[in-house]
Amino acid sequence: MEDTTARPKITLYVDTVSPFAYEAYWIFRHDPTFSKCNIEYIPVFLGGIMKDVGNNPPINIKNKDKWIDRDRVHWASVFNIPMSSETPVGFPHMTLRIQRALGVLPFLFPEGNEAQDILCQCLDRLYEMYWVEGKNITAPDVFEEVLKNLIGEKRKELVLKEIAGKGKEAVLKNNERAIREGAFGLPWMVCTNSAGETQGFWGVDHLAQVVDFLGLERTKSRAWKAYL
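Below, the structure written as structure tokens:
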């Protein structure tokens, strides 16, 4: 008999500058716990969200800056996420242009899941460069080279041409949507379970709540035992 139960859905808002957004992204992409979920990744500008909700950047808060750096390394170790123990030199970099460029992709790839596939390829490489290799992804021509390698010269130029237009508009709308759905920082996840119930969650340290809300079965790994 065919199973008509709706698949759990997760919407994850991401910015390449956020180490915790990267960790949540990596876990959703690689941990088998989430293999039966429909997951959508949406590029936003974290700085804009923080400003609009009146939130202070953690690195500007005494003692919290040191704590969150230890925390990101901790969760990377727990889930075996590739991540350098050192933050990129110059962190945090202004990633608005990159996020806007990522926001252009749905206009160039409107068919099915193609835009999401390309977005994930871009995020995979950008997160690797920034959080594993420690490279400044906002440096001249770095992001352009990533785009060229993934979508070709012609489409790269189309993306760059639309950064100030479609890209800006997309990120503004994505930020507004994220805030409307409860976001005040990243990673922000909006989850819908098989019963049609929807709830928002914040932070890698709340992924166990995501799993329970979605009715997923945790793998018997060290990572999930860390939440006990």
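In the UniProt record's numbering, the protein residues as written are 1 to 228. The beta-carbon is built from N, C-alpha and C at its ideal position, and this holds for glycine as well. The model shown is predicted, which means the values in this text are computed figures rather than measured ones.
Residue from Leu186, Val44, Ala139 whose Cα sits closest to the Cα of Phe201: Counting from 1 along the sequence shown, the entry for residue 201 is found at position 201. The shortest Cα separation from Phe201 among Leu186, Val44, Ala139 belongs to Leu186.
C-alpha gap between Val159 and Pro110, whole angstroms: Indexing the sequence shown from 1 puts residue 159 at position 159. Indexing the sequence shown from 1 puts residue 110 at position 110. Straight-line Cα distance between these residues: approximately 14 Å.
Through-space distance from Cys120 to Tyr25, alpha-carbon basis: Position 25 of the sequence shown, counted from the first residue, corresponds to residue 25. Position 120 of the sequence shown, counted from the first residue, corresponds to residue 120. Their backbone Cα atoms lie some 9 Å apart in a straight line.
In chain order, each alpha helix (DSSP H) run of at least 4 residues that lies wholly inside the region 153-227: 168-180, 207-214, 222-225
Cβ of Thr95 within 8 Å of any chain D Cβ: Any reference to chain D falls outside this structure, which holds one protein chain only.
Classification of Pro88 by the beta-carbon crowding that lies within 10 angstroms, buried from 16 upward: Sequence index remark: in the sequence shown, residue 88 carries index 88 (1-based). Looking at its Cβ environment, which holds 16 or more other Cβ atoms inside 10 Å, Pro88 is buried.
Cα-Cα separation, Trp131 to Met83: The count along the sequence shown starts at 1 and reaches residue 131 at position 131. The count along the sequence shown starts at 1 and reaches residue 83 at position 83. Their Cα atoms are separated by approximately 5 Å.
Environment of residue 273 [buried if 16+ CB atoms lie within 10 Å]: The shown model of the chain, from 1 to 228, leaves out residue 273, and the question about it has no answer.
Asp205 versus Trp224, Ala164, Asp31, residue with shortest Cα-Cα distance: Here residue 205 refers to the residue found at position 205 of the sequence shown. Ranking Trp224, Ala164, Asp31 by Cα distance to Asp205 puts Trp224 first.
DSSP three-state assignment for Asn60, whether helix, strand or coil: Sequence index remark: in the sequence shown, residue 60 carries index 60 (1-based). DSSP places Asn60 in helix when its eight states are reduced to three.
Contained alpha helix (DSSP H) runs [length at least 4] in the region 71-136, N- to C-terminal order: 96-108, 114-127
Which of helix, strand or coil DSSP assigns to Glu2: Here residue 2 is taken as the residue at index 2 of the sequence shown, counted from 1. With a pLDDT of 46 at Glu2, under the threshold of 50, the modelled position of that residue is not reliable, and the figure given next carries that caveat. Coil at Glu2, not helix or strand.
Boundaries (first-last residue) of the beta strand (DSSP E) holding Val14: Looking up residue 14 in the sequence shown gives position 14. It spans 9-14 - the beta strand (DSSP E) in which Val14 sits, taken as one unbroken run.
Three or more C-beta pairs below 8 Å linking the region 168-184 and the region 88-106: yes
Coarse secondary structure for Pro140, derived from DSSP in three states: Start at 1 with the first residue of the sequence shown, and residue 140 comes out as number 140. Correct three-state label for Pro140: coil.
Helix, strand or coil at Ser18 according to DSSP, with G and I counted as helix: To locate residue 18, count along the sequence shown from 1; it is residue 18. It is coil, neither helix nor strand.
Member of Met189, Ile163, Ile98 whose CA lies at the smallest distance from the CA of Val142: Start at 1 with the first residue of the sequence shown, and residue 142 comes out as number 142. Comparing Cα-Cα distances from Val142 to each of Met189, Ile163, Ile98, the minimum goes to Ile98.
Beta-carbon proximity of Asp31 to Phe91, cut-off 8 Å: Taking the first residue of the sequence shown as 1, we reach residue 31 at position 31. Taking the first residue of the sequence shown as 1, we reach residue 91 at position 91. The answer is no: Cβ separation not under 8 Å.
Assigned secondary structure, Asn38 (DSSP; H/G/I helix, E/B strand, else coil): The residue given as residue 38 occupies position 38 in the sequence shown. Three-state result, Asn38: strand.
Ile151 versus Tyr13 - alpha carbon distance: In the sequence shown, counting from the first residue as 1, residue 151 sits at position 151. In the sequence shown, counting from the first residue as 1, residue 13 sits at position 13. Rounded to whole angstroms, Ile151 to Tyr13 spans 23 Å at the Cα level.
Member of Thr5, Pro19, Arg7 whose CA lies at the smallest distance from the CA of residue 239: What is shown of the chain runs 1 to 228, which leaves residue 239 out entirely.
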